[in-house]
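Engineer:
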Amino acid sequence: MAEGHAGAGDGDAAGVRVEVESSSEPPPASSRGAMSHEDCVEGIRSALKHPTVRFLRQQMEKAGCQVWPRLIRAATCSTAGGYASAEGIKVCCNHMTLQDEINQVIIHELVHAYDDCVTKNMDWKNCAHHACSEIRANHLSGDCHYKRELLRGFMKIRGHEQDCVKRRALMSVRNNPYCSEAAAKDAIEAVWNICYNDTRPFDRAP
Ligand SMILES: [Zn+2]
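Quick note: the sequence shown uses UniProt numbering, first residue 1, plus one each step.
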């Protein structure tokens, strides 16, 4: 589902807000239905103690990034999560079934927030910029770890992690109202080597 919004935003010179959505892949087959909103809010609190989340927030603070008072909020939405400049991260609680999913969404969106802060002239309307951040977010968040892929029903084959990162990055970039399917594909191929190997602020993919 196309969830990128172009509209009257603030915080962007062009007055356009692009919301970067997480994958809209269906939840795992083992899904037991969404947790309650209260449990989700509690889950977000717990996620803030996750070592990778703590590390990313520390690195953002160190880099002088603005960490909003409400950087992360619980929401009801059509995908797993999202990030928009000047608005921060949302976790779509109506799609969360497990603590692990909340951790994963937050790590993924924090990579976008990190990129938004440290990349000079980050432009979410630029398909290559968006593609780069999606490649990094899907790679560094562990979205494509073997166990999670099995839950989605994808079999392990050689090179699968990279195929998974590509597949999920494509789903997100083609939902960007500024990127057609073809433009999204081209952008991902064009920036793949640089962005897949750019694991900042980690030494290597966690
Ligand atoms: Zn993303």
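From the three backbone atoms N, C-alpha and C, an ideal C-beta is built for every residue, glycine too. Owing to the predicted nature of the structure, the values given are computational and were not obtained by experimental measurement.
Would you mind giving the Cβ-Cβ distance between glutamine 104 and glycine 142, rounded to the nearest angstrom? I have them listed as a contact below 8 angstroms.
Structural biologist: Position 104 of the sequence shown, counting from 1, holds the residue named residue 104. Position 142 of the sequence shown, counting from 1, holds the residue named residue 142. That belief holds up - the Cβ atoms of glutamine 104 and glycine 142 are roughly 7 angstroms apart, short of 8 angstroms.
Engineer: Got a sec, what are the start and stop residues for the beta strand (DSSP E) alanine 131 sits in?
Structural biologist: Stepping through the sequence shown from its first residue, residue 131 is reached at position 131. It is not in any beta strand (DSSP E) - alanine 131 instead sits in the alpha helix (DSSP H) that spans 127–140.
Engineer: Could you check whether the Cβ of asparagine 138 sits closer than 8 angstroms to any heavy atom belonging to ligand 1?
Structural biologist: In the sequence shown, the residue the question calls residue 138 occupies position 138. Checking the Cβ of asparagine 138 against ligand 1 gives yes.
Engineer: Please list, in chain order, all residues of the same chain as valine 41 whose beta carbon is under 7 angstroms from its beta carbon, the five residues on each side excluded.
Structural biologist: Position 41 of the sequence shown, counted from the start, is the residue given in the question as residue 41. Hits under 7 angstroms: Ala74.
Engineer: So what does DSSP say about alanine 47, is it helix, strand or coil?
Structural biologist: Residue mapping note: residue 47 aligns to position 47 of the sequence shown, counting from 1. Note: alanine 47 maps to helix in three-state DSSP.
Engineer: Please confirm whether any heavy atom of ligand 1 lies closer than 8 angstroms to the CB of histidine 160.
Structural biologist: For this step, residue 160 is matched to residue 160 along the sequence shown. No - ligand 1 has no heavy atom lying nearer than 8 angstroms to the Cβ of histidine 160.
Engineer: Smallest Cα separation from tyrosine 196: which of Cys132, Asp39, Met171 and Lys125?
Structural biologist: By 1-based counting over the sequence shown, the position of residue 196 is 196. For the residues Cys132, Asp39, Met171 and Lys125, the minimum Cα distance to tyrosine 196 belongs to Cys132.
Engineer: If you follow the beta strand (DSSP E) that alanine 75 is part of, which residue opens it and which one closes it?
Structural biologist: As a first step, residue 75 must be located in the sequence shown, where it is residue number 75. Per DSSP, alanine 75 belongs to the beta strand (DSSP E) from 72–75.
Engineer: DSSP state of cysteine 92, grouped into three classes?
Structural biologist: For the purposes of this step, residue 92 is taken as the residue at position 92 of the sequence shown. Of the three classes helix, strand and coil, the one that applies to cysteine 92 here is strand, per DSSP.
Engineer: How would you write the range of the alpha helix (DSSP H) that alanine 84 sits in, first residue to last?
Structural biologist: Taking the first residue of the sequence shown as 1, we reach residue 84 at position 84. From DSSP, alanine 84 is part of no alpha helix (DSSP H) but of the beta strand (DSSP E) over 81–84.
Engineer: Just to confirm my understanding: we take alanine 47, look at its own chain, exclude 5 residues before and 5 after, and list those with CB closer than 7 angstroms. What are they?
Structural biologist: In the sequence shown, counting from the first residue as 1, residue 47 sits at position 47. Val53, Ile102, Asn103 and Ile106.
Engineer: Give me the residue from Gly82, Gln99 and Gly64 with the minimum Cα distance to histidine 50.
Structural biologist: Reading the sequence shown from its first residue, position 50 is the one you call residue 50. If we check each option's Cα against that of histidine 50, Gln99 comes out closest.
Engineer: Excluding the 5 residues preceding and the 5 following tyrosine 83 in the sequence, name in chain order all residues of the same chain whose CB lies nearer than 7 angstroms to its CB.
Structural biologist: As a first step, residue 83 must be located in the sequence shown, where it is residue number 83. Excluding residues within five positions, the ones whose Cβ falls inside 7 angstroms are Val20, Ile89, Glu109, His112 and Ala113.
Engineer: Can you tell me which of the three DSSP states histidine 37 falls into?
Structural biologist: The sequence position of residue 37 within the sequence shown is 37, counting from 1. Histidine 37 falls in the helix class under three-state DSSP.
Engineer: Kindly indicate which three-state DSSP category tyrosine 114 falls into: helix, strand or coil?
Structural biologist: Residue 114 sits at position 114 when you count from the first residue of the sequence shown. Helix at tyrosine 114.
Engineer: Using CA coordinates, which residue listed in Ala86, Arg136, His130 and Glu189 is at the minimum distance from proline 177?
Structural biologist: Residue 177 sits at position 177 when you count from the first residue of the sequence shown. Of the candidates Ala86, Arg136, His130 and Glu189, the one whose C-alpha sits nearest the C-alpha of proline 177 is His130.
Engineer: Along the alpha helix (DSSP H) that carries valine 173, what are the first and last residues, could you check?
Structural biologist: Taking the first residue of the sequence shown as position 1, residue 173 is located at position 173. It spans 160–173 - the alpha helix (DSSP H) in which valine 173 sits, taken as one unbroken run.
Engineer: Looking only at C-alpha atoms, which of Ala187, Arg136 and Lys185 sits nearest to arginine 204?
Structural biologist: By one-based count along the sequence shown, residue 204 stands at place 204. Closest option to arginine 204, Cα to Cα, is Arg136.
Engineer: Hey, cysteine 65 and alanine 80 are a contact pair by Cβ (cut 8 angstroms); roughly how many whole angstroms apart?
Structural biologist: Walking along the sequence shown from the start, residue 65 turns up at place 65. Walking along the sequence shown from the start, residue 80 turns up at place 80. Their Cβ separation, rounded to whole angstroms, is 23 angstroms, which puts cysteine 65 and alanine 80 out of contact at 8 angstroms.
Engineer: If we ignore side chains and look at the alpha-carbon of each, how far apart do alanine 190 and glutamate 38 end up?
Structural biologist: Position 190 of the sequence shown, counting from 1, holds the residue named residue 190. Position 38 of the sequence shown, counting from 1, holds the residue named residue 38. If you take the alpha carbons of alanine 190 and glutamate 38, they lie about 42 angstroms apart.
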